[in-house]
Amino acid sequence: MALLVRVLRNRISISQWVPVCSRLLLVSHTQGQWGRALSGTSQLSSTKDSPQPVEEKVGAFTKIIEAMGFTGPLKYSKWKIKIAALRMYTSCVEKTDFEEFFLRCQMPDTFNSWFLITLLHVWMCLVRMKQEGRSGKYMCRIIVHFMWEDVEQRGRIMGVNSYILKKNMMLMTNNFYVAILGYDEGVLSDDRGLAAALWRTFFNQKCEDPRQLELLVEYVRKQIQYLDSMNGEDLLLTGEVSWRPLVEKNPQSILKPHSPTYNDEGL
């Protein structure tokens with residue numbers, strides 16, 4: 001299985017995903033050690049300290065059609081949001097240094113490890129975009145849709161039997177929602193709570209080195225802090241996200257995001 005992730009990353013690029021937008025359908029005993037190790041990351045601001053989004057006011061008709069499973073009128077065209085969602089998901093798989101995670105977190109170079117790392121970054125994108133009202137929540141749905149399309153395509157490239165692939169997809173879907181709930185609860189808690197969520201999901205309860213948990217807790221805190229510094233309008237229109245290094249000298253610094261490149265205004 002070695003080198004598999006690198007091969008898959010080279011064979012699947014954003015150019016293969018753009019046509020998908022045109023046919024996209026809506027889819028819906030170590031605790032003491034950890035406490036000492038994580039004490040150094042408590043200075044990072046947590047998500048619960050971030051400003052809460054203002055609830056978007058919608059009319060009665062919009063509420064009715066959304067209750068029926070449809071999407072009401074959004075701030076921007078759905079096509080632009082879908083393109084931005086594609087770019088944001090692509091940033092999770094093409095701008096993430098997977099080899100650094102494999103090395104620092106002592107993870108095997110396997111498809112499952114790739115999925116766990118991708119899931120963590122997708123979740124952080126979802127946390128950020130949920131702050132952008134109804135348009136942001138719609139974008140979250142599209143990002144998740146792209147993720148499952150990608151996972152299925154990679155499984156086929158690997159030559160996985162269709163029956164086994166379908167069975168594995170169902171299992172991964174269940175694990176996905178469990179992970180999202182766990183991460184949401186963890187990031188709203190203190191560092192120990194977030195470490196517990198990462199230990200259960202990211203490390204599959206097999207991490208015995210508190211330094212690895214400390215590193216990942218620090219990464220999540222600083223990355224969410226960085227995403228919060230990005231302009232919401234830019235994210236909705238471009239989907240361009242950059243990831244900060246897993247290890248850096250000053251994790252509490254907030255880098256100024258690059259100027260965004262907007263989608264074609266004619267779309």
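Residue 267 is where the sequence shown ends in UniProt numbering, and the numbering goes up by one at each step. Think of the CB as a built atom: it goes at the ideal place given N, C-alpha and C, for glycine as much as any other residue. All values derive from a computational prediction rather than experimental measurement.
Alpha-carbon to alpha-carbon, Trp199 and Leu213: For the purposes of this step, residue 213 is taken as the residue at position 213 of the sequence shown. For the purposes of this step, residue 199 is taken as the residue at position 199 of the sequence shown. Taking the straight line from one Cα to the other gives about 7 Å.
Ser229 in three-state terms, based on DSSP: Locating residue 229 in the sequence shown gives position 229, where the first residue counts as 1. The answer is coil: DSSP assigns Ser229 none of H, G, I, E or B.
The region 213-229 in contact with the region 117-124 per 3-pair CB rule at 8 Å: Contact holds: three or more Cβ-Cβ distances are below 8 Å.
Host alpha helix (DSSP H) of Lys75 (start-end): As a working mapping, residue 75 is identified with position 75 in the sequence shown. From DSSP, Lys75 is part of no alpha helix (DSSP H); its letter is neither H nor E.
8 Å contact criterion, which Glu240 and Arg87 should meet: CB distance rounded: Stepping through the sequence shown from its first residue, residue 240 is reached at position 240. Stepping through the sequence shown from its first residue, residue 87 is reached at position 87. Contact between Glu240 and Arg87 holds: CB atoms are separated by about 6 Å, below the 8 Å threshold.
Leu246 beta carbon less than 8 Å from that of Phe101: Working through the sequence shown from its first residue, we reach residue 101 at position 101. Working through the sequence shown from its first residue, we reach residue 246 at position 246. Result yes, Cβ atoms of Phe101 and Leu246 sit closer than 8 Å.
Spatial neighbours of Cys105 in its chain, beta-carbon cut-off 6 Å, leaving aside the 5 residues before and after: Taking the first residue of the sequence shown as 1, we reach residue 105 at position 105. Counting only Cβ-Cβ distances below 6 Å, and skipping sequence neighbours, we find Gln212.
Alpha-carbon to alpha-carbon, Arg156 and Trp148: Taking the first residue of the sequence shown as 1, we reach residue 148 at position 148. Taking the first residue of the sequence shown as 1, we reach residue 156 at position 156. Taking the Cα positions, Trp148 is about 12 Å away from Arg156.
Own chain, CB closer than 8 Å to Lys130, minus 5 neighbours either side, in chain order: The residue given as residue 130 occupies position 130 in the sequence shown. Excluding five sequence positions before and after Lys130, the CB atoms of its chain that fall closer than 8 Å to its own CB belong to Pro53, Gly136, Lys137 and Cys140, given in chain order.
Inside the UniProt domain "Ubiquinol-cytochrome c chaperone" (104-239) only - alpha helix (DSSP H) runs reaching at least 4 residues: The alpha helix (DSSP H) runs of length 4 or more contained entirely in the UniProt domain "Ubiquinol-cytochrome c chaperone" (104-239) are, from start to end of the chain, 111-129, 133-157, 162-187, 191-201, 210-228 and 232-238.
Residue 270, DSSP secondary structure in three states: Here the chain comprises residues numbered 1 to 267, so residue 270 is not present and cannot be evaluated.
Selected residue, minimal CA-CA separation from Phe172, among Val144, Ser189, Asp190 and Asp184: To locate residue 172, count along the sequence shown from 1; it is residue 172. According to the sequence shown, residue 172 is Met rather than Phe. Residue Val144 is the option with its Cα nearest to Met172.
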